[in-house]
Amino acid sequence: MHNAQELIVCEHCDSVYRRRTLARGEVADCVVCGAVLERHQWLGVDAQFALIVAAFIVFVIANVSPIVTLGLSGMTAATTLWGAVIAMWNDGAQVVAFLSAMTLFFFPLSQILIFGWVLWFARDGRRAPGFAQAMSALVRVKPWSMIEVFMLGTLVAVVKAHTYFDVVPGPGIWAFGFLTLLVTLFSSHDPRQLWDITREARA
Amino acid sequence: MNAPPRASELGMMSCHVCRLVTAYVDDPHAHCPRCGNALHVRKRGSIGRAWALLAAAAIFYIPANLFPIMRTQSLSSKDDNTILSGIVELWRAGSPGLAVIVFTASIVVPMLKFIIMGYLLVSVQRSSGFVAKQRTRLYRFVELVGYWSMLDVFVVAILSALVHFKILSRVEPLPGVVYFGVVVVLTMLSAMSFDPRLIWDNRKSQ
Ligand SMILES: [Zn+2]
Ligand SMILES: [Zn+2]
Chain C
155 MHNAQELIVC
165 EHCDSVYRRR
175 TLARGEVADC
185 VVCGAVLERH
195 QWLGVDAQFA
205 LIVAAFIVFV
215 IANVSPIVTL
225 GLSGMTAATT
235 LWGAVIAMWN
245 DGAQVVAFLS
255 AMTLFFFPLS
265 QILIFGWVLW
275 FARDGRRAPG
285 FAQAMSALVR
295 VKPWSMIEVF
305 MLGTLVAVVK
315 AHTYFDVVPG
325 PGIWAFGFLT
335 LLVTLFSSHD
345 PRQLWDITRE
355 ARA
Chain H
43 MNAPPRASEL
53 GMMSCHVCRL
63 VTAYVDDPHA
73 HCPRCGNALH
83 VRKRGSIGRA
93 WALLAAAAIF
103 YIPANLFPIM
113 RTQSLSSKDD
123 NTILSGIVEL
133 WRAGSPGLAV
143 IVFTASIVVP
153 MLKFIIMGYL
163 LVSVQRSSGF
173 VAKQRTRLYR
183 FVELVGYWSM
193 LDVFVVAILS
203 ALVHFKILSR
213 VEPLPGVVYF
223 GVVVVLTMLS
233 AMSFDPRLIW
243 DNRKSQ
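If you read the protein sequences in the order shown, they are chains C and H.
Per the working numbering, the first sequence starts with residue 155, numbered consecutively.
Per the working numbering, the second sequence starts with residue 43, numbered consecutively.
If you want it as structure tokens, here you go:
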């Protein structure tokens with residue numbers, strides 16, 4: 155029997171491979187079904203932690219500052235992400251308000267906080283308290299975080315509104331843009347690598 | 043190059059959550075020794091669950107397209123838009139590029155999800171050995187693009203929050219957008235329930 159850590163099983167077709175060390179930028183693909191087995195993790199733990207801290211700050215800015223401001227004959231109206239959630243709730247679309255709050259606020263925020271938590275300890279090669287639960291939560295939450303879609307949605311809304319109103323982009327839109335960039339950067343990183351590079355702390 | 047062995051042939055299994063490779067255990071209540079999540083060779087009840095969620099999504103898809111998703115009100119006019127009429131309006135307003143993006147996210151992607159998921163489920167139930175690699179690719183495509191269909195839902199949310207100029211101009215969400223949001227979530231859940239490894243199990247011909 156091989157050491158379990160040496161093996162990797164393709165998640166899409168169940169083929170077994172011996173893991174190998176990947177060079178910078180290298181991606182190991184499954185020869186049977188073409189799925190990505192694993193990618194070279196080019197960001198170190200410290201760099202990832204720094205990026206998560208940056209993501210947290212940008213996330214706060216994105217949530218408190220107006221995304222866009224509209225002008226119509228002297229009147230102005232601005233909205234934040236929460237403004238959009240509250241508007242949907244008050245206008246009878248509570249399901250949409252709930253979905254937006256979860257996919258644009260709670261899931262991304264918990265992703266940032268949980269990842270930050272495990273990375274903080276992983277910097278010394280340690281596993282954070284609740285490591286197993288935290289790692290499982292990260293895997294489960296990932297598909298439900300929709301910052302990128304919201305970014306594109308904002309652009310579409312701006313173009314639609316532009317026909318009738320004066321549109322002034324607010325700081326929120328830049329924050330969401332930057333957040334989208336960070337999400338893209340992290341998308342090539344599998345947090346599950348932390349299982350390999352950390353050890354259970356012994357008291 | 044020879045095809046690598048499959049975990050099921052080697053008597054191994056891999057944790058669906060943390061990817062730890064372990065020896066096969068028969069116990070349905072087994073837990074991963076590393077992350078503590080339930081261990082199973084394939085996602086449980088995969089086909090039944092994926093079908094049920096897909097059927098539910100298809101039912102909600104009808105009102106999502108028939109009912110208007112957004113009302114634009116001004117002093118002189120009241121305009122209800124469905125998903126399709128909103129796209130036509132965007133095209134006419136001089137943004138054909140964005141109209142194509144919204145059309146892709148709101149119409150093409152959900153349609154493709156229904157067709158692909160239906161095809162994958164039927165082919166797995168028939169133990170088809172046909173183009174397994176391509177079918178796995180189709181599954182990855184569905185997983186990758188699925189959540190972009192939320193685009194229109196977010197557009198309505200932002201416009202409803204922004205356009206609040208008392209009687210002068212006002213945008214409100216209409217029931218269609220709720221149904222559409224539900225469709226996106228149900229199709230995502232359906233795709234997540236499906237286990238692509240089933241494509242490679244019990245193939246009739248190789
Ligand atoms: Zn594979
Ligand atoms: Zn596990």
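Each residue gets a CB set at the ideal place from its N, CA and C atoms; glycine is no exception.
- Distance between leucine 154 of chain H and tryptophan 190 of chain H (C-alpha atoms, nearest Å): 13 Å
- Below 6 Å from a heavy atom of ligand 1 - residues by beta-carbon: C:Cys164, C:His166, C:Cys167, C:Ser169, C:Cys184, C:Val186, C:Cys187 and C:Ala189
- Task: Would you please verify whether the beta carbon of cysteine 77 of chain H is less than 7 Å from any beta carbon of chain C?
- Result: yes
- Message: I need the DSSP call for phenylalanine 207 of chain H, collapsed to helix, strand or coil.
- Response: strand
- Could you check the C-alpha separation between glycine 284 of chain C and serine 264 of chain C for me, to the nearest Å? 14 Å
- Alpha carbon of tryptophan 236 of chain C to alpha carbon of aspartate 278 of chain C, nearest angstrom: 37 Å
- Task: Kindly examine ligand 2 and report whether one of its heavy atoms sits closer than 6 Å to the Cβ of valine 59 of chain H.
- Result: yes
- chain C contact for lysine 85 of chain H (CB, 7 Å cutoff): no
- Helix, strand or coil for isoleucine 89 of chain H per DSSP? helix
- Item | Where histidine 82 of chain H meets chain C, residues with beta-carbon distance less than 8 Å | Within chain C, no residue comes near histidine 82 of chain H; the closest Cβ sits about 13 Å away, beyond 8 Å.
- Query: Measuring CB to CB, does asparagine 187 of chain H end up less than 7 Å from valine 219 of chain H?
  - Reply: The sequence given here places valine at residue 187 of chain H; asparagine does not occur at that position. No, the pair does not count as a contact, with Cβ atoms beyond the cut-off.
- Thinking C-beta only, is alanine 49 of chain H closer than 7 Å to alanine 238 of chain C? no
- Item | Rounded Cβ spacing between arginine 239 of chain H and cysteine 184 of chain C (contact assumed at less than 8 Å) | Not quite, the Cβ-Cβ distance comes to about 12 Å (not below 8 Å), so this is no contact.
- Query: Would leucine 333 of chain C pass as a contact of isoleucine 301 of chain C if the rule is Cβ separation under 7 Å?
  - Reply: yes
- Task: Reducing DSSP to helix, strand and coil, say where arginine 212 of chain H ends up.
- Result: strand
- threonine 233 of chain C - partner residues in DSSP beta bridges: C:Val222
- Message: Please confirm whether aspartate 183 of chain C has its beta-carbon closer than 7 Å to some beta-carbon of chain H.
- Response: no
- Query: Any heavy atom of ligand 2 within a distance shorter than 6 Å of the CB on leucine 224 of chain C?
  - Reply: no
- Message: For methionine 155 of chain C and threonine 64 of chain H, I'd like the C-alpha separation in whole angstroms.
- Response: Below a pLDDT of 50, predicted positions are generally treated as unreliable, and methionine 155 of chain C, at 42, falls in that range; the measurement from the model is reported next regardless. One C-alpha to the other measures close to 10 Å.
- Query: Comparing alpha-carbon positions, which option in C:Glu192, C:Val186 and C:Gly228 lies nearest threonine 175 of chain C?
  - Reply: C:Glu192
- Task: Reducing DSSP to helix, strand and coil, say where proline 46 of chain H ends up.
- Result: coil
- Tell me where the beta strand (DSSP E) around methionine 300 of chain C begins and ends. That residue, methionine 300 of chain C, is in no beta strand (DSSP E); it is neither H nor E in DSSP.
- Message: Check whether the segment 104–124 of chain H and the segment 207–222 of chain H are in contact - that is, three or more C-beta pairs closer than 8 Å.
- Response: yes
- Message: Between serine 299 of chain C and proline 46 of chain H, how many whole angstroms is the CB-CB distance? I'm expecting something under 8 Å.
- Response: Not quite, the Cβ-Cβ distance comes to about 33 Å (not below 8 Å), so this is no contact.
- Query: Quick one: does the C-beta of arginine 76 of chain H sit closer than 6 Å to a heavy atom of ligand 2?
  - Reply: yes
- Task: Give the DSSP-derived three-state secondary structure of alanine 158 of chain C in the structure shown.
- Result: At alanine 158 of chain C, the pLDDT of 47 sits below 50, so the modelled position is not reliable; the number obtained from the coordinates is stated separately. It is helical.
- Message: When you compare the CB of phenylalanine 304 of chain C with every CB in chain H, is at least one pair closer than 7 Å?
- Response: yes
- Pairwise C-alpha distance: glycine 139 of chain H and alanine 241 of chain C: 28 Å
- Message: Could you tell me the alpha carbon to alpha carbon distance between alanine 276 of chain C and leucine 306 of chain C, rounded to whole angstroms?
- Response: 34 Å
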